[in-house]
Amino acid sequence: MKQILESINEVLQDGGRKPLPSICRSDRLREDLELDSLELAVLTVKLEAITGIDVFAKGIAKTIGDVEDRLVEK
-15 MKQILESINE
-5 VLQDGGRKPL
5 PSICRSDRLR
15 EDLELDSLEL
25 AVLTVKLEAI
35 TGIDVFAKGI
45 AKTIGDVEDR
55 LVEK
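Sequence positions in the sequence shown follow this note's numbering and run -15 to 58.
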């Protein structure tokens, strides 16, 4: 989960927003973390560059838990 938090915080800081101190599995990417479409695309690219896994290949990941599960599946 640390890798996901670091990637999200990079995306937020690139957009001039403050980093998050923590995340939990139930956090929703759009509603709770307020990531827009562009930020989600950038997050996807960052995570894929690190892990080699496209977390959105199987459809939309709505929560941190969805992202984490897809990273663990491989």
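Backbone N, C-alpha and C define an ideal beta-carbon position, used for all residues, glycine too.
What is the residue span of the alpha helix (DSSP H) that Asp53 lies within? If you number the sequence shown from 1, residue 53 lands on position 69. Where Asp53 is concerned, the enclosing alpha helix (DSSP H) stretches over Ile48 to Glu57.
Could you name the residues of the same chain whose beta carbon sits closer than 8 Å to that of Val51, not counting the 5 residues immediately before and after it, in chain order? Residue mapping note: residue 51 aligns to position 67 of the sequence shown, counting from 1. Closer than 8 Å at Cβ, skipping near neighbours: Ile(-12), Leu13, Leu31, Val39 and Ala45.
Contacting residues, own chain, Cβ-Cβ under 7 Å from Pro3 (five flanking each side not counted): Within the sequence shown, the letter at position 19 stands for residue 3. Excluding residues within five positions, the ones whose Cβ falls inside 7 Å are Asn(-7), Leu(-4) and Gln(-3).
Below 8 Å on the Cβ atoms is my contact criterion, and I expect Glu15 with Gly(-1) to pass it. Report the Cβ-Cβ distance as a whole number of Å. Residue 15 sits at position 31 when you count from the first residue of the sequence shown. Residue -1 sits at position 15 when you count from the first residue of the sequence shown. Not a contact, Cβ separation roughly 17 Å.
Just to check my reading of the structure: Ser10 and Thr47 have Cβ atoms closer than 8 Å, yes? What is that Cβ distance to the nearest angstrom? Position 26 of the sequence shown holds residue 10. Position 63 of the sequence shown holds residue 47. 6 Å between Cβ atoms; contact.
Under 7 Å between C-beta atoms of Thr28 and Leu55: In the sequence shown, the residue the question calls residue 28 occupies position 44. In the sequence shown, the residue the question calls residue 55 occupies position 71. No. Outside cutoff.
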